[in-house]
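Protein chains in written order, with our numbering: chain A, 11 to 165; chain B, 11 to 165.
Glycine included, every Cβ here is placed at the ideal spot set by N, Cα and C.
Note that the structure is predicted; figures quoted are calculated from it, not measured.
In what follows, a structure is listed as structure tokens, so that the remarks can point back to it.
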DNA sequence: GTGACTGCAAAGTCTTTGCACGCGG
DNA sequence: CCGCGTGCAAAGACTTTGCAGTCAC
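See below:
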């Protein structure tokens, strides 16, 4: 990493809720109590989750009628649209992960325990670019899953 | 060896139906009229398809009560199990493609026209192996999608 | 205030299952 | 003839939608 000579702003990412707020404003939408609660839960820790797991974490709030199932689905779609999270189709249900504020990466997928392990490879990005060029394809990103059995499950 | 990412020559040792038959026998299953019809349609041409498109192609047979919706789904599962086709979760519905008799490959996915373009990269396989080794992960395969806009749609 | 948002219930969409009959080996 | 396979209808899993009341701005 090169020394910082005060050129350009230091990268201090805004909290996700703020980013989301900007997105909502740009689209004439409103920051409601429910949306705030969902964003707080989603970004409370860095992990992969599906809609059902999220709903599970939010169960107390659901039980207390602080928010509802459809609202969670609706807000997830908005978070994807806002670029805060990413939706990965994997098996029957979709998996979500943080996109905003985290470096791009790919996944090892354990077929035994269903765990996703993140990794990054610069070579992979190079290959993407090379293949795309060959096919005159305009790349916006990629999804890679290495399937198999994780170290834990192999024991 | 010229540097490109096209697929190598296609070589099919035995017709798919024969392979399927072997699979069925090994598992005490039977080659029924319905299974034969489905395999014939699936391997009538090399292309990606989802369950709905297959059902559409089989519509005359469905209408004539020669086979039914559940049977198509059941047979697709068996074909996956037999290693004749591969199931790719992509978006809400699953996509199937030929596995038996075709070289391993990955995909460019056009987000505009939803077309899948196949490519192969030996480097990709190397990276998989390297990453897996690093994580003491036992690889059984991988799925890679390069997302973007295809040459056709960019015009 | 006004119009976007929510909760509820209900409907989709895609896929799987239970069961009685039919048919392959 | 045995028992796997099928068709039918129905249920299932997951997600979306219509609508009347509610709340953010």
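DSSP bridge partner residues for residue 104(B) (one or two, in chain order): Counting from one through the second chain, the residue named residue 104(B) turns up at place 94. For residue 104(B), which the question treats as bridged, DSSP gives the partners 99(B).
Pick from 139(B), 142(B), 131(B) and 138(B) that is closest to residue 137(A), judged by C-alpha positions: Sequence index remark: in the first chain, residue 137(A) carries index 127 (1-based). Ranking the options by Cα distance to residue 137(A), first place goes to 131(B).
Boundaries of the alpha helix (DSSP H) in which residue 116(A) is found, first to last residue: The sequence position of residue 116(A) within the first chain is 106, counting from 1. Unbroken run through residue 116(A) is the beta strand (DSSP E), 116-120; no alpha helix (DSSP H).
Within 8 Å, strictly: CB atoms of residue 82(A) and residue 64(A): Sequence index remark: in the first chain, residue 82(A) carries index 72 (1-based). Sequence index remark: in the first chain, residue 64(A) carries index 54 (1-based). Taking 8 Å as the Cβ cut-off, residue 82(A) and residue 64(A) qualify as a contacting pair.
C-beta neighbour in chain B for residue 164(A), strict 8 Å: For the purposes of this step, residue 164(A) is taken as residue 154 along the first chain, with counting starting at 1. With 8 Å as the cut-off, residue 164(A) counts as an interface residue toward chain B.
C-beta atoms of residue 154(B) and residue 150(A) nearer than 8 Å: The residue given as residue 154(B) occupies position 144 in the second chain. The residue given as residue 150(A) occupies position 140 in the first chain. Contact flag unset, no.
At least 3 beta-carbon pairs within less than 8 Å: the segment 50-58 of chain B vs the segment 32-40 of chain B: no
Members of the segment 76-108 of chain A near chain B, C-beta cut-off 7 Å: 99, 100 and 101
Chain A within 8 Å of residue 121(B), Cβ atoms only: Taking the second chain and counting its residues from 1, one reaches residue 121(B) at position 111. Closer than 8 Å: yes.
CB-CB length for residue 105(A) against residue 145(B), believed under 8 Å: Residue 105(A) sits at position 95 when you count from the first residue of the first chain. Residue 145(B) sits at position 135 when you count from the first residue of the second chain. The Cβ separation is near 19 Å, so there is no contact.
Pairwise C-alpha distance: residue 25(B) and residue 45(B): Here residue 45(B) refers to the residue found at position 35 of the second chain. Here residue 25(B) refers to the residue found at position 15 of the second chain. So the two alpha carbons sit approximately 15 Å from each other.
CB of residue 115(B) within 8 Å of CB of residue 95(B), strictly: To locate residue 115(B), count along the second chain from 1; it is residue 105. To locate residue 95(B), count along the second chain from 1; it is residue 85. No, the pair does not count as a contact, with Cβ atoms beyond the cut-off.
Element boundaries [beta strand (DSSP E), containing residue 131(B)]: The residue given as residue 131(B) occupies position 121 in the second chain. Run containing residue 131(B): none; DSSP gives neither H nor E here.
Residue 138(B) at chain A interface by Cβ criterion, 8 Å: Sequence index remark: in the second chain, residue 138(B) carries index 128 (1-based). So yes, residue 138(B) belongs to the interface.
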